[in-house]
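Asker:
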Amino acid sequence: MNTPDKDCFSPSGTLDLARARRVMDNLERRGMRQMLVADPMSIWYLTGYWNVPYERFYALYLARNEAGRLGATMFCNRLFPDATHVGARVVTFDDTEDPIPLVAEATNHDEPLGVDKVLAARWLLPMMEAGCASGYHLGSAAVDDARAIKDARELDLMRAASATNDRAMEWLVAQLHEGVTEHQIASGLLAEYRRLGAQDVSFTPIVSFGANAADPHHEPDGTVLHKGDLVLFDVGCKQDGYCSDMTRTFFFGAEPSAHERQVYETVRAANEAAEAIVAPGVTFAQIDRAARKVIEDAGWGPYFTHRLGHQIGLEDHEPGDVSSTHDEPVRPGMCFSIEPGIYLPGDTGVRIEDLVIVTEDGCEVMNSYPKQLTVVG
C-alpha cells in the first residue's frame, strides 16, 4: 500500500485533519482502513477544495497503515482547478488516460475498500476487475456520521443561514395579494435571498395556495391567490456553504374555518411536542413518535404521510432521518428538521417546520419566525 510513514497532510494545506481522522475512526469501526470518497461535497468538507467533475473521475483516497498513520491522495483531471493546496498527494491525469491503474497503485489490494454512494458503477466495476482491494463495502456512513456533528463554526453558519431565512419569510408574506401566482412569488425569492446575504436557494422553493398545500412537494405553478386561501411556504437558502429550511402556513384575507383551525393547531402542537423532547440520548424514532402521536390522537394519523424530518448542513437533506425506523440516539451538534404535517387531498394542507440543534442538555430552535396561527393580507 502506498501510504506514507507519517501523516501526509501539509500543515499549510486546507485539509481538515481532525475531520479526516474522525472519518477514519468511523471507518475502522466498520472494519476498514481505506476509503475512496467520490462525493464532491464530502471532498469539500474534508479538504476545502470544490470541484464539479461531471462525468470525469474525481476522488479522495484516505487510508491508515498498521501503525495508525494517515495518508491521503487526491485524484484530479488536469483540467480541474489546481488542487496542490489541499495538503494531500495529488495524482493528475487527462481525458486520454485511464485513472483506474492510478487508483490501483495507491490502494492496498489485500484489504477491503470503503466506497461512497456517489462512486459510479463505471468506475467501481473496473476497480473491482483491477483488484484494487480485497473487497468493496459501502462506506458512506463513515463520512456522513462525521458531517452529522457540526463544530462551533458550522453551527454559527447554520444559525446565520436560518436567520436569513426568517427575514426572507417576512418578504414572502409581503408578496401576498389577490391575483399573485405561486410561480411569481417563488421566482422572486432568490433575488431576495441574495439581497439578504445568501448565495442561493438550498432547494426549489415550495409555494402552495389553497388545496395545493395538500401536496407536500407541490411545485409552484400559475395558481392564483384568492381571499380565503391557505398559503404554505417551504423555503431555504444556502449561505456561506450551509443550508436553511423552514415551513410556515398562513391564512390569506379571512379567518380560517373551525376545521382549518383545528388542523393548524394540531400540526403546531405536534411540532412543539417533538421539539420539547429533543435532547442527547433521545432517539430519532422517539422524536418522530412524539409528533406523530399528537396527530394520531386528533384523528389525522393517516394524513401525516412522511417522516418527521431530516438532517441538514452542507446539503438540505443529509443522511440520518427523523423517522420511526431510526433508533440512533441524537448527539450534541446534530442539526435536523422538525416538520409535521397534515395533508387532506382536495381540501387543505398544513406543515410547520423548524430546524433544531441538539445541545448538551436539550435543543436550540434555530427559527424565530412566529408559529401561531396568522391571517395575512
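With our numbering applied, the sequence shown corresponds to residues 158 to 534, in that order. From the three backbone atoms N, C-alpha and C, an ideal C-beta is built for every residue, glycine too.
#1: Mind listing, in chain order, the continuous beta strand (DSSP E) runs of no fewer than 3 residues lying wholly within the region 286–315?
#2: Would a C-beta distance cut-off of 8 Å place residue 281 and residue 272 closer than the cut-off?
#3: When DSSP labels each residue in this structure, what does residue 159 get in the three-state scheme?
#4: Taking the alpha carbon of residue 532 as the point to measure from, which residue in 387, 337, 306 has its own alpha carbon closest?
#5: Based on Cα-Cα distance, which residue from 364, 252, 351 lies nearest to residue 394?
#6: Run through DSSP, which three-state label would residue 365 get?
#7: Considering only the alpha carbon of each residue, which of 341, 377, 327 lies closest to residue 403?
#8: So, using beta-carbon positions, are residue 245 and residue 174 closer together than 8 Å?
#9: Which residues bound the alpha helix (DSSP H) around residue 200?
#10: Are residue 285 and residue 399 closer than 8 Å when you measure CB to CB?
#11: For residue 312, which residues from the same chain have a beta carbon less than 8 Å from its beta carbon, with the 5 sequence-adjacent residues on both sides left out?
#12: For the region 202–235, which segments carrying the beta strand (DSSP E) assignment without a break, of at least 3 residues, lie completely within its bounds, in sequence order?
#13: For residue 261, which residues of its own chain have a beta-carbon under 8 Å away from its beta-carbon, when the five flanking residues on both sides are left out?
#14: Quick check: residue 230 and residue 218, are their CB atoms within less than 8 Å of each other?
#15: Would you identify the three-state DSSP class for residue 471, choosing helix, strand or coil?
#16: Residue 538 and residue 465: beta carbons closer than 8 Å?
#17: Report yes or no: do three or more beta-carbon pairs, one from the region 327–342 and one from the region 378–385, lie closer than 8 Å?
#18: Can you tell me whether DSSP reads residue 389 as helix, strand or coil?
#19: Could you please give the first and the last residue of the uninterrupted alpha helix (DSSP H) stretch that includes residue 344?
#20: Whose C-alpha, out of 494, 207, 295, 270, is nearest the C-alpha of residue 240?
#21: According to DSSP, is residue 356 part of a helix, a strand, or is it coil?
#22: So residue 188 packs on residue 256, CB below 8 Å; how close in whole Å?
#23: Classify residue 486 as helix, strand or coil using the three-state DSSP reduction.
#24: From the DSSP output, in three-state form, read off residue 491 for me.
#25: Using the Cα positions of residue 443 and residue 494, report the straight-line distance between them to the nearest angstrom.
#26: Short of 8 Å in beta carbon distance, which residues of its chain neighbour residue 164, apart from the five on each side in sequence? Order them along the chain.
#27: By the 10 Å Cβ neighbour count, where 16 or more other Cβ atoms means buried, how is residue 160 classified, buried or exposed?
#28: Please identify the residue among 390, 475, 423, 427 whose C-alpha is closest to the C-alpha of residue 409.
#29: How is residue 465 classed by DSSP in three states: helix, strand or coil?
#30: Indicate the three-state DSSP secondary structure (helix, strand or coil) for residue 534 in the structure shown.
#31: Can you check the region 385–429 for any beta strand (DSSP E) of at least 3 residues that lies completely inside it and give the ranges in chain order?
#32: Taking only the alpha-carbon atoms, compute the straight-line gap between residue 406 and residue 460 and give it to the nearest angstrom.
#33: Measure how close the beta-carbons of residue 554 and residue 182 come, nearest whole angstrom, since I'm counting them as under 8 Å.
#34: Less than 8 Å separating the beta-carbons of residue 200 and residue 488?
#35: Could you have a look at residue 508 and say whether DSSP puts it in helix, strand or coil?
#36: Below 8 Å CB to CB, which residues in the same chain sit around residue 177 once its five sequence neighbours on both sides are set aside?
Answerer: The short version:
#1: 292–295
#2: yes
#3: Residue confidence is low: residue 159 scores 35 on pLDDT, short of 50, so the model does not pin down where it sits. Its coordinate-derived value is still stated next. Of the three classes helix, strand and coil, the one that applies to residue 159 here is coil, per DSSP.
#4: 387
#5: 351
#6: Three-state result, residue 365: strand.
#7: 327
#8: no
#9: 197–204
#10: Not closer than 8 Å, so no.
#11: 490, 492, 514
#12: Qualifying beta strand (DSSP E) stretches, in chain order: 216–221, 227–234.
#13: These residues qualify, in order along the chain: 284, 287, 288, 289.
#14: yes
#15: coil
#16: The chain is shown only over 158 to 534; residue 538 falls outside these bounds and no answer can be derived.
#17: Yes, the region 327–342 is in contact with the region 378–385.
#18: strand
#19: 339–353
#20: Put simply, of 494, 207, 295, 270 the residue whose alpha carbon is nearest the alpha carbon of residue 240 is 207.
#21: coil
#22: Rounded to the nearest angstrom, the Cβ distance from residue 188 to residue 256 is 26 Å, too far for a contact under 8 Å.
#23: strand
#24: coil
#25: 14 Å
#26: With a pLDDT of 42 at residue 164, under the threshold of 50, the modelled position of that residue is not reliable, and the figure given next carries that caveat. Cβ neighbours of residue 164 beyond the five flanking positions: 174, 226, 227, 228.
#27: With a pLDDT of 33 at residue 160, under the threshold of 50, the predicted position of this residue should be treated as unreliable, though the coordinate-derived value follows. By the neighbour-count rule (16 or more Cβ atoms within 10 Å), residue 160 is buried.
#28: 390
#29: coil
#30: coil
#31: 387–392, 394–396, 403–409
#32: Within the model, the alpha-carbon separation for residue 406 versus residue 460 is close to 17 Å.
#33: With the chain represented from 158 up to 534, any question about residue 554 goes unanswered, as that position is not in the structure.
#34: no
#35: strand
#36: 166, 203, 219, 227, 229
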